[in-house]
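Enquirer: Under numbering that gives the first Met the number 0, the first residue of the sequence shown is numbered 0, with each subsequent residue one higher.
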Amino acid sequence: MTTEVVEKKRSVSDLNDKQLVKLYIQLRDRRAERKRGYEMEDEGDKGKQEKIEGILLKRFQDNGLESIKTEFGTAYKSVRTSVSVADGEMFFDFVVRTGLFDLMEKRASKTTIEQYKEEHQELPPGINYSESITLNVRRG
């Protein structure tokens with residue numbers, strides 16, 4: 000029985016548990032297949048765009064340009080910055096020693112908060128916490 004046949008014959012809410020799980024997995028598989036198809040197609044376009052970016056950046060460099068304006072659009076250079084912590088202990092010691100706490104972002108550790116809650120039966124002060132129940136379906 001295909002997904003379309005089940006969906007046309009009856010309302011989903013009329014299906015029994017076995018049929019609902021089967022249909023859920025069929026729908027998940029169909030979505031995954033469409034996603035794979037899209038990603039494979041998109042990979043080709045992404046590769047072409049990356050090649051064009053390389054060509055344009057080389058032309059910018061060779062000609063001392065920052066941008067190129069055409070009737071179709073403007074290509075321009077920008078600087079993208081990435082920051083990560085190489086040595087957490089060293090960095091934290093530096094922040095504490097210098098008082099430069101703005102170098103850090105405030106964020107609670109979900110895992111550690113959950114452990115604290117389990118051990119103390121309460122949350123640390125200043126923490127919001129929520130749980131929601133989700134349904135998961137595992138293939139048989």
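Cβ atoms here follow ideal geometry from the backbone N, Cα and C, with glycine treated the same way.
What residue range does the beta strand (DSSP E) around G63 cover?
Expert: Unbroken run through G63: none, as it is neither H nor E.
Enquirer: Using the Cα positions of A107 and R58, report the straight-line distance between them to the nearest angstrom.
Expert: Each residue's Cα considered, the two are about 45 Å apart.
Enquirer: Taking the straight line between their C-alpha atoms, what separation do you get for V20 and V136?
Expert: Approximately 7 Å, taken between the alpha carbons.
Enquirer: Compute the beta-carbon to beta-carbon distance between Y115 and P123, rounded to the nearest angstrom, for a pair I have assumed lies under 8 Å.
Expert: About 6 Å; that satisfies the 8 Å criterion.
Enquirer: Taking Cβ positions, are K76 and E65 nearer each other than 9 Å?
Expert: Cβ distance < 9 Å, so K76 and E65 count as in contact.
Enquirer: Assuming G87 is part of the alpha helix (DSSP H), what are its boundary residues?
Expert: Where G87 is concerned, the enclosing alpha helix (DSSP H) stretches over 87-97.
Enquirer: Going straight from the alpha carbon of F93 to that of S81, what length do you get?
Expert: Distance between the alpha carbons of F93 and S81: 20 Å.
Enquirer: Have a look at R79 and F91 and give me their C-alpha separation to the nearest angstrom.
Expert: Roughly 25 Å between the two C-alpha positions.
Enquirer: Assuming L55 and A74 form a contact by the criterion Cβ under 8 Å, report the distance between their Cβ atoms to the nearest whole angstrom.
Expert: Their Cβ separation, rounded to whole angstroms, is 5 Å, which keeps L55 and A74 in contact under 8 Å.
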